Every structure is written in C-alpha cells, then in structure tokens.
Amino acid sequence: MRAKRLVTPADLLLSAGVFAVYLPYLHGRGHSVPALILSALAAGALLARKRFPIPTVIVCLILSGFIGVLLRRSYPATPADLVALYAVGRYCGRGWALITAIATLVVGFVVAEVSERIPSYNYENLGTLATVPLAVLAGAWVRTQRTYVLGAEERAERAEREREDEARRRVTEERLRIARELHDIVGHALMSISVTSSVSARFVEEDPKAGREALETINSVSNSALGEIRRTLSLLRGTAEPLKRPGLGLDDLPDLVQQSRAAGLPVTLHESGRRCAVPAIVGFTVYRIVQESLTNVKRHARDVVKVAVTLTFTPDSLDVAVTNDGRPVEMSDQASYGLGIQGMRERVAATGGRLNTTALPGGGFRVHARLPLKESRP
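Under UniProt numbering, the residue at position 78 of the sequence shown is numbered 78, and the numbers go up by one with no gaps.
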C-alpha cells in the first residue's frame, strides 16, 4: 500500500533531521566531503518514502554502501536506512515488508563479507544488523494501529449515519401517523356534520325537536373532533403519543355507531365470540377502521339500506368487518377517493394484521381486518 501524499513540511524537517544525525556519524572520519554529499542525497531520498517506499530503500542502501566503504562503518543501518525501512513497514503490505527486511539482511551480510573495507559481522556488531527487522516491525506496528483507528472511525461514522437514517425514518413514520390521525378525525367529523346539518335543515320548521337533536349531534361531533385533533397535534409538541396511549377503543364504538345513525346512516353493531382483553393499540385500530369505513359509506355509497359492523373474537385474533349494500357513487376526480383505505391498511399492518377490501356482487362493499391479539400485546 503506497501512501499518496505530497511532500509536507514535516517531511522536509525529517530529512533535515536525518542529515543532522549524519554529522556526528561522519565526524573524525576521512573522506568527509564525499561522505557528506552521499549523506545529503540519502536524506533527500527520504522525501519520496511515502509514495515510493521500496525504491527509497534501494537508493538509501546503495548510498549507505558507499558511505560504509568510505568510512569503514558497519553496513547497513545508517540513519537513512532505518527511516526508509520504517517507511516500508508503514506504507507497504506485510508481504513486501517481510521481503524487504529479509533482502536487506542478506544484502548487508553479503556486502560485509565481500568488502574488505566494511567490517564482517560477529557477536560485537551483530546488533547493527538486528536493527533492520526492528525498523520494519516498528513501521508495520504503526500501520496496524493506524488501520485499526481508521476502521474504528469508519465504524463510528457508519453508526452515526445509521442513527441519522433511523431518526429520519422515525420522523417520516410519525408524520404519516399524524396525517392518518387527522385524516380520520377530520374526514369523519366533517362528513357527519355535513350529513346531519342537511337533515336538520328540513326539520327546523317541520319537527323542531328533531332539529334540536340534529344540532346537538353536530355540536357533540364537532367537540369530539376538536378534542381528538388537540390530542393528535400534541404529538408535534412531544406531549402525547396517541397511537401508543390511545384514548379510543372498542368501548367507544357504540357512540360512533350512534353518531352515524343520527346522521341518517342505518348502522348496526354486532359482536360474536367471547370478548377477551384487547390491547389498547388493537382497540384503537378497530375504532379507526370502523370510523373510516362509515365515513367512506357516507361519501362513496348511495341508496344504502343496511350497514353492518361485526366484531368476531377468537382467543388469538379479533376480526372486524364493515359491510354495506349501497351502490357506488361515480366520481370524475380520482383524488376524491382520498387515502382512507391506504391509511387503514397501514394501521392494520402496524399491528401485524391484514386488511381486505371487497366490492360485493350486485352492489355494496366490505372492509374486513384480522388483528392478532397475542402478538400485539406488549
């Protein structure tokens, strides 16, 4: 692995430092001028050690060979050699580092044995040769540590990105959740108010009592809707969590059915099976399914004679079905259909259940959801 870095002031300072170390190394020896020039060249060659570590070692070994011959010093292990060997361990892979260390030891031993001006190796100067693997190992250790640090930094950055992605995902889910809440609350309330107000307009003079009841229904529906909107919008301030701590459930279905009846919708509510403990989130989902289904009947069906809301309890699941026998209302604008069914499907999926919607033969529509009870319990 070659480090792709340009020469920095630190590199210049290192080369100058290595040359300064050569001065006491050359002091008191003959051929001082040629040796000084060779030392300057070796120190200058170190500027390329990061990008070209292997050629740098070769150049330094050749120059230090001449220096050793001129000064009758042990070979290799001059200051430039050690820095160049360190660079091989630091910037090359393990294979190249091992090959370079072995080759340097062999070359140093052979040159010492062949040249009469370079001392042969014995027990007294064997430590000079031992500095070769030590320099390479030092560079390899620094490289390993640096790789570990870079890996740790990369893992930390990846974990941070994952946390940010998770945060964005949760924000998106929360926005969709709030949108579903507002869609169900506002859609049902406005449709109920619209239908009830149109009926009460005919009763104001003919049947004042029925007119007053219709107006009371409008007032009740609007107040209930405003309360639910406040609770839902409190999510934006972080003061409440309607889906985790819902305030509506199975016990509120009779009131919902009664409101629809008051608005002129022929709704019946029927339960079968033994009612067991139902998790709050499941009860809330059932309430929203029935609410949205009744709203869709008011908006998209006509000539409705019967609307049946059926709850079927089993030990493991709760089935809710809303069936009507009306004929569909033709709408030229597809956007008028809204996102009600999609919202119901998302709610049911969040509890681990499944939702089916079916257009019945001869007219009518059926919404059916099966919600698990055991899996939904916290």
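Backbone N, C-alpha and C fix where the C-beta goes; we use that ideal spot for every residue, glycine too.
As the structure is a prediction and not an experimental result, all values here were calculated from the model.
*Nearest to residue 19 by alpha carbon, out of 151, 360, 43 and 85?*
43
*Residue ranges of each beta strand (DSSP E) within the UniProt domain "DUF7134" (8 to 142), 3 or longer*: none
*Identify every residue that forms a DSSP beta bridge with residue 307.*
267 and 324
*Take residue 267 and list the residues in its own chain whose beta-carbon comes closer than 7 Å to its own, dropping the five residues that flank it on each side.*
257, 260, 261, 294, 307 and 309
_DSSP state of residue 239 mapped onto helix, strand, coil_ = Since pLDDT at residue 239 reaches only 47, below the 50 mark, its modelled position is unreliable, and the value read off the structure follows with that caveat. Coil.
*Between which two residues does the alpha helix (DSSP H) carrying residue 347 extend?*
340 to 350
*Own chain partners of residue 140 with C-beta closer than 8 Å, once the 5 adjacent residues on each side are dropped*: 89, 90, 94 and 97
*Where do the N-terminal and C-terminal ends of the beta strand (DSSP E) with residue 370 fall, by residue?*
Following the DSSP letters along the chain, one finds residue 370 inside the beta strand (DSSP E) bounded by residues 365 to 372.
*Is residue 49 closer than 7 Å to residue 87 when the C-beta atoms are compared?*
Yes; because the gap between Cβ atoms is below 7 Å, this pair is in contact.
*Across which residues does DSSP place residue 313 in a beta bridge pair?*
Looking at the DSSP assignment, residue 313 forms a beta bridge with 318.
_Spatial distance of residue 130 from residue 101 (CA atoms)_ = For residue 130 and residue 101, the gap between their C-alpha atoms comes out near 10 Å.
*For the putative contact between residue 368 and residue 319, defined by C-beta atoms under 8 Å, what is the C-beta separation to the nearest angstrom?*
7 Å
*Please determine, among 125, 359, 272 and 60, the residue with the shortest C-alpha to C-alpha distance to residue 323.*
359
*For the putative contact between residue 74 and residue 118, defined by C-beta atoms under 8 Å, what is the C-beta separation to the nearest angstrom?*
7 Å
_So, with DSSP's three-state summary, where would you put residue 377?_
Only weak support exists for where residue 377 lies, its pLDDT of 42 falling under 50; the value from the coordinates is given anyway. Residue 377 falls in the coil class under three-state DSSP.
*Under the three-state DSSP convention, the category residue 152 falls into*: helix
*By DSSP, does residue 355 sit in helix, in strand, or in coil?*
strand
*Whose C-alpha, out of 313, 317 and 251, is nearest the C-alpha of residue 275?*
313
*Is DSSP giving residue 302 helix, strand or coil here?*
Shown here, residue 302 sits in a strand according to DSSP, grouped into three states.
*What's the gap between the Cα of residue 286 and the Cα of residue 342?*
15 Å
*What is the rounded straight-line gap between the Cα of residue 242 and the Cα of residue 248?*
Any reading at residue 242 is ruled out, since the residue's pLDDT is 47, under 50, leaving its predicted position unreliable.
*Roughly how far, in whole angstroms, is the beta-carbon of residue 8 from the beta-carbon of residue 77, given that I think they are within contact range, below 8 Å?*
Not a contact, Cβ separation roughly 26 Å.
*Quick one: is residue 353 buried, meaning 16 or more other Cβ sit within 10 Å of its Cβ, or exposed?*
buried
*Based on Cα-Cα distance, which residue from 12, 84, 138 and 13 lies nearest to residue 59?*
84
_7 Å CB neighbourhood of residue 282 in its chain, flanking five on each side removed_ = 318, 351, 371, 373 and 376
*Around the Cβ of residue 39, are there at least 16 other Cβ atoms within 10 angstroms (buried) or fewer (exposed)?*
buried
_Own chain, CB closer than 8 Å to residue 345, minus 5 neighbours either side, in chain order_ = 355
*asked:* I'd like to check one pair, residue 325 with residue 273: are the Cβ atoms closer than 7 Å?
replied: Taking C-beta atoms as the reference points, residue 273 and residue 325 fail to come closer than 7 Å.
*Among 292, 45, 64 and 63, which has the Cα closest to the Cα of residue 56?*
45
*asked:* How far does the alpha helix (DSSP H) with residue 248 in it extend, from its first residue to its last?
replied: Careful: residue 248 lies outside any alpha helix (DSSP H) and carries neither H nor E.
*asked:* One question on the structure: do residue 53 and residue 92 come within less than 7 Å of each other, judged by their Cβ atoms?
replied: yes
*Could you tell me whether the Cβ atoms of residue 41 and residue 11 are closer together than 7 Å?*
Contact flag unset, no.
*For residue 254, the first and last residue of its enclosing alpha helix (DSSP H)*: Element bounds for residue 254: 253 to 262.
*When 299, 289 and 329 are compared against residue 349, the one with the closest alpha-carbon*: 289
*Between the Cα of residue 126 and those of 108, 21 and 32, spot the shortest distance and give me the residue it belongs to.*
108
*Can you give me the Cβ contacts of residue 304 inside the same chain, cut-off strictly under 8 Å, excluding the 5 residues immediately before and after it?*
265, 266, 297, 324, 325 and 326
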